[in-house]
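Undergrad:
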Amino acid sequence: MTGQAADGSASDLCMTHINKTSVLLEFLRIEKKGLALNVGCGAGQQTKKMIEAGFNVISTDFDIILLKEAQKITNNIVLADAEHLPFKESVFDYVVCMDVLEHLNDDNKCIVDIYDVIKSSGKFILSVPMLNYPFVYDPINKIRTSLNLKPIPIGLWAWEHKRLYDEEQITGKINSKFDIIEQKKISSFFVALFENYIPYIFSYKIKLKRIGSPPKILKKLANTICKIDEKYFFENMGYINLALKTRPIQFQPKS
Numbered sequence: 004m005t006g007q008a009a010d011g012s013a014s015d016l017c018m019t020h021i022n023k024t025s026v027l028l029e030f031l032r033i034e035k036k037g038l039a040l041n042v043g044c045g046a047g048q049q050t051k052k053m054i055e056a057g058f059n060v061i062s063t064d065f066d067i068i069l070l071k072e073a074q075k076i077t078n079n080i081v082l083a084d085a086e087h088l089p090f091k092e093s094v095f096d097y098v099v100c101m102d103v104l105e106h107l108n109d110d111n112k113c114i115v116d117i118y119d120v121i122k123s124s125g126k127f128i129l130s131v132p133m134l135n136y137p138f139v140y141d142p143i144n145k146i147r148t149s150l151n152l153k154p155i156p157i158g159l160w161a162w163e164h165k166r167l168y169d170e171e172q173i174t175g176k177i178n179s180k181f182d183i184i185e186q187k188k189i190s191s192f193f194v195a196l197f198e199n200y201i202p203y204i205f206s207y208k209i210k211l212k213r214i215g216s217p218p219k220i221l222k223k224l225a226n227t228i229c230k231i232d233e234k235y236f237f238e239n240m241g242y243i244n245l246a247l248k249t250r251p252i253q254f255q256p257k258s
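Numbering (our numbering), first residue to last: 4 to 258.
Here it is, written out as structure tokens:
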């Protein structure tokens, strides 16, 4: 996915990334290991976690620079557009699509393609940013959109985001092909205060220096903030995460 740090060290301090990776692994916690597709893999950090958990993962992205970073983790990478997945039908046991749909011109096409390549018994894990995000995450665009003004490309509307989703919108897009089996919203109120204004300064410097790993104290701080955020600010949600199962095709009897 375009916009992710091109090295793993910065993502170690990105608390939003930490939270979403934690949810991904939670959704996969009791699953038997199988073939998984990571759509919009970016630099491959979530791919790495899935491989470590025992899954066989094929990762795609249309950003060749990020794919070169992902190739340091695995050779199972494919340069591909999320709206045109180049795979046969019913191949994958799992499809992961974390923070990708909001970047696409045609998010519905991506959902259809995922439905085509996943097995009938497959599990689809999806994450998108919520339209009703906490004020502190992006105060400028929060004010602009409340005044019916077009958002500007900063904050939650940065990184080439074309849209955000409310719960009804995203469930409406997927409910003709998938059934929701698990749902978890991620808070970003407390995380945003720190991620946007304090530790991201450090992670940016680490990225520029290409350090292999950030200081342990900063990683510990990032994880602690995530835990506090979920415990005390769980009502201020920034992302919705869904675990879905394929809905079988319903054949209409001939009259």
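A virtual CB, placed ideally from N, CA and C, is assigned to each residue, including glycine.
So with Cβ pairs under 8 Å, would you call Leu167 a contact of chain C?
TA: In the structure shown, chain C does not exist; there is a single protein chain.
Undergrad: For a quick check, are the C-beta atoms of Glu86 and Cys44 less than 8 Å apart?
TA: no
Undergrad: Give the C-beta separation of Gly37 and Asn59 to the nearest angstrom, bearing in mind that I take them to be a contact with Cβ-Cβ under 8 Å.
TA: 7 Å
Undergrad: List in chain order: all unbroken alpha helix (DSSP H) runs of 4+ residues lying wholly within the stretch 107-177.
TA: The qualifying runs are 110-120, 142-149 and 170-177.
Undergrad: Around the Cβ of Thr19, are there at least 16 other Cβ atoms within 10 angstroms (buried) or fewer (exposed)?
TA: buried
Undergrad: Can you tell me which of the three DSSP states Glu185 falls into?
TA: strand
Undergrad: Can at least three beta-carbon pairs, one atom from the stretch 140-156 and one from the stretch 88-102, be found at a separation below 8 Å?
TA: no
Undergrad: Identify the continuous alpha helix (DSSP H) that holds Ala39 and give its terminal residues.
TA: No alpha helix (DSSP H) contains Ala39, which is instead part of the beta strand (DSSP E) from Leu38 to Val42.
Undergrad: What residues are listed by DSSP as bridge partners for Met101?
TA: Ser130
Undergrad: Is Phe95 near Lys122, with beta carbons less than 8 Å apart?
TA: yes
Undergrad: According to DSSP, is Lys212 part of a helix, a strand, or is it coil?
TA: Residue confidence is low: Lys212 scores 49 on pLDDT, short of 50, so the model does not pin down where it sits. No coordinate-derived value is stated.
Undergrad: Under DSSP, the beta strand (DSSP E) around Ile80 begins and ends at which residues?
TA: Ile80 to Leu82
Undergrad: Which value, in whole angstroms, describes the spacing of the CA atoms of Ile183 and Ala83?
TA: When rounded, the separation of the alpha-carbon atoms in Ile183 and Ala83 is 27 Å.
Undergrad: What is the DSSP secondary structure of Val26, counted as helix, strand or coil?
TA: helix
Undergrad: Let me make sure I understand the geometry here. Which of Arg32, Glu163, Ala46 and Ala225 has the alpha-carbon closest to that of Ile67?
TA: Ala46
Undergrad: So Ile80 packs on Ser93, CB below 8 Å; how close in whole Å?
TA: Contact between Ile80 and Ser93 is ruled out by a C-beta separation of about 22 Å, above the 8 Å threshold.
Undergrad: From Ser149, Phe127 and Leu224, pick the residue whose C-alpha is nearest to that of Pro137; which is it?
TA: Ser149
Undergrad: Consult DSSP for Ile33 and reduce its assignment to one of helix, strand or coil.
TA: Under the three-state reduction of DSSP output, Ile33 falls in the coil class, being neither helix nor strand.
Undergrad: Since Ser124 and Thr24 are thought to touch, with beta carbons under 8 Å apart, how far apart are those beta carbons, to the nearest angstrom?
TA: At roughly 25 Å, the Cβ-Cβ gap does not stay under 8 Å, so Ser124 and Thr24 are not in contact.
Undergrad: For Asn244, count the other beta carbons within 10 Å of its own beta carbon; 16 or more makes it buried, fewer makes it exposed. Which is it?
TA: buried
Undergrad: Quick check: what's the CA-CA separation for Tyr203 versus Leu224?
TA: The predicted model places Tyr203 with a pLDDT of 49, which falls under 50 and marks its position as unreliable; any figure quoted below should be read in that light. Taking the straight line from one Cα to the other gives about 12 Å.
Undergrad: Going along the chain, which residues of its own chain have a beta-carbon closer than 8 Å to the beta-carbon of Glu29, five neighbours each way excluded?
TA: Lys187
Undergrad: Have a look at Ala161, Leu129 and Val131 and flag the residue whose alpha-carbon is nearest the alpha-carbon of Asn144.
TA: Ala161
Undergrad: Is the CB-CB distance between Glu105 and Leu167 below 8 Å?
TA: yes
Undergrad: Assuming Leu27 and Ile128 make a contact with CB atoms under 8 Å, what is their CB distance in whole Å?
TA: 6 Å
Undergrad: Which stretch, first to last residue, makes up the alpha helix (DSSP H) that contains Thr77?
TA: Where Thr77 is concerned, there is no enclosing alpha helix (DSSP H), given that its DSSP letter is neither H nor E.
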